[in-house]
Amino acid sequence: MEKKINILGVKFDNITMSEAVNKISKFMDGNVTKCIYTPNPEIVMLAQKDTQFMDIMTEADMIVPDGIGIIKAAKMLKTPLKEKVGGCDLSYNLLEYMSKHSRSVFLFGAAPGTADKAAENMKKKFPGLIVAGTHNGYFKKEDEAAIIEQINNSKPDLLLVALGAPKQEKWIFENKNTIQAKVCIGVGGTLDIMAGNLRRAPKWMLKLNLEWLYRFVKQPTRFKRFLELPKFVIKVFITKGKRGE
Ligand code: UDP
-8 MEKKINILGV
2 KFDNITMSEA
12 VNKISKFMDG
22 NVTKCIYTPN
32 PEIVMLAQKD
42 TQFMDIMTEA
52 DMIVPDGIGI
62 IKAAKMLKTP
72 LKEKVGGCDL
82 SYNLLEYMSK
92 HSRSVFLFGA
102 APGTADKAAE
112 NMKKKFPGLI
122 VAGTHNGYFK
132 KEDEAAIIEQ
142 INNSKPDLLL
152 VALGAPKQEK
162 WIFENKNTIQ
172 AKVCIGVGGT
182 LDIMAGNLRR
192 APKWMLKLNL
202 EWLYRFVKQP
212 TRFKRFLELP
222 KFVIKVFITK
232 GKRGE
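Quick note on numbering: my numbering labels position 57 of the sequence shown as 48, and the sequence is numbered without any gaps.
See below:
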């Protein structure tokens, strides 16, 4: 088994984007629902305080690093990760692969109308892509069985769950034995980007690894979550110190 890279207790797969797409395509040939999460530093910090959430991370079939913060931390701890494999980029790469291999995706999450718009845009971008279904992410507990039935009737190869962290990871974990999808991935705001409601940072900012700054400026309501970033850096330093490096 490949060695995982431990960042404050969350064990990341040391994998490139194309290796991840390849591995997930193999998951799609299997019979067991595989669960994949894409934590960034804020989510790793969330797992420090929420042991149930940390356990869910530990039981994942694949964990990939979303965000330059994780890559830098891995480097600092002298256990470098190959590259950033963000949830949004991974989703786009998978949909491109799936459009060429008659695989189907179900888009679950975000505000009413967003998943439908995302489906429309993705079918235009990746001709041949099969969208098995969509459902928004604002539902009552009592609606859940019907949503799962809708997903199961469409038997998607991939279920993208965009409910935000930690809700999406907890939802996947709780339902993974009833969901008939080959692969479930928690993808945060990805459907908003696919729908065109939210823009990615401009290319130059992506190149300079400043996507986090762009998100901060565009969504200042997330400031509380950004306060976790310095705590993350301090914790990584402490861990480095404890390891005696
Ligand atoms: N969302 C949802 N249901 C909820 C709460 C949030 O569908 O009950 C959606 C929200 O509309 C947005 C996404 O989840 O599309 C959260 O995106 P964010 O970028 O905050 O994800 P995170 O960074 O938490 O993974």
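Even glycine gets a Cβ: it sits at the ideal position worked out from N, Cα and C.
Going by beta carbon distance, what residues of the same chain come within less than 7 angstroms of residue i, once the five residues before and after it are set aside?
i	result
N112	M185, A186, G187
A38	G0, V1, F44, M45, M48
Q141	G124, H126
T24	K167, I170, A172, K173, C175
T181	G78, C79, S82, L151, A153
I54	V1, K2, F3, D4, Y28, P30, M48
A109	L98, L182, M185, A186
Taking the alpha carbon of residue i as the reference point, which residue from the options has its own alpha carbon closest?
i	options	result
N143	E133, A153, G128, K167	K167
I47	Y28, A153, E10, P56	Y28
V76	T169, I176, F97	I176
F223	I59, L197, I54, Y88	I59
K226	L68, I(-4), M8	L68
K158	K146, D107, M53, Y129	Y129
P147	K116, E(-7), P211, G21	G21
S95	N5, M19, R213	M19
G119	S90, F99, K108	S90
P32	I229, I62, I15	I62
V35	R234, K231, E219, G232	E219
I6	K114, D41, A136, P56	P56
F117	A136, K233, H92, K66	H92
Could you please give the first and the last residue of the uninterrupted alpha helix (DSSP H) stretch that includes residue i?
i	result
K161	158 to 166
A192	Premise fails: A192 is in no alpha helix (DSSP H) and is neither H nor E.
A136	135 to 145
Just reading off the beta strand (DSSP E) that residue i is part of, what are its end residues?
i	result
K209	Looking at the DSSP string, K209 is not in any beta strand (DSSP E); the run it does join, the alpha helix (DSSP H), is 202 to 209.
S95	95 to 100
L150	149 to 153
G232	Unbroken run through G232 is the alpha helix (DSSP H), 219 to 233; no beta strand (DSSP E).
A123	121 to 126
Once you ignore the five residues that flank residue i on each side, which residues in its own chain have a CB closer than 8 angstroms to its CB?
i	result
F164	C26, I47, E50
T105	N127, L182, D183, A186, N188
By Cβ distance, which residues of its chain are closer than 6 angstroms to residue i, with the 5 residues on each side in sequence left out?
i	result
A64	I(-2), V227
G203	A small correction: the amino acid at residue 203 is Trp; Gly does not occupy that position in the sequence shown. For W203, where only same-chain residues beyond five positions count, there are no Cβ hits under 6 angstroms.
A192	E202, Y205
V178	G78, S82, L151, A153
- Task: Please list, following the chain, all residues that have a C-beta closer than 6 angstroms to any non-hydrogen atom of the ligand UDP.
- Result: G100, A101, A102, G128, Y129, A153, L154, G155, A156, K158, G179, G180, L182, D183
- Item | Start-end ranges of the beta strand (DSSP E) lying completely within the segment 53 to 106, minimum 3 residues | 95 to 100
- Residue ranges of each beta strand (DSSP E) run of no fewer than 3 residues wholly in the segment -2 to 37, ordered along the chain? 1 to 4, 25 to 28
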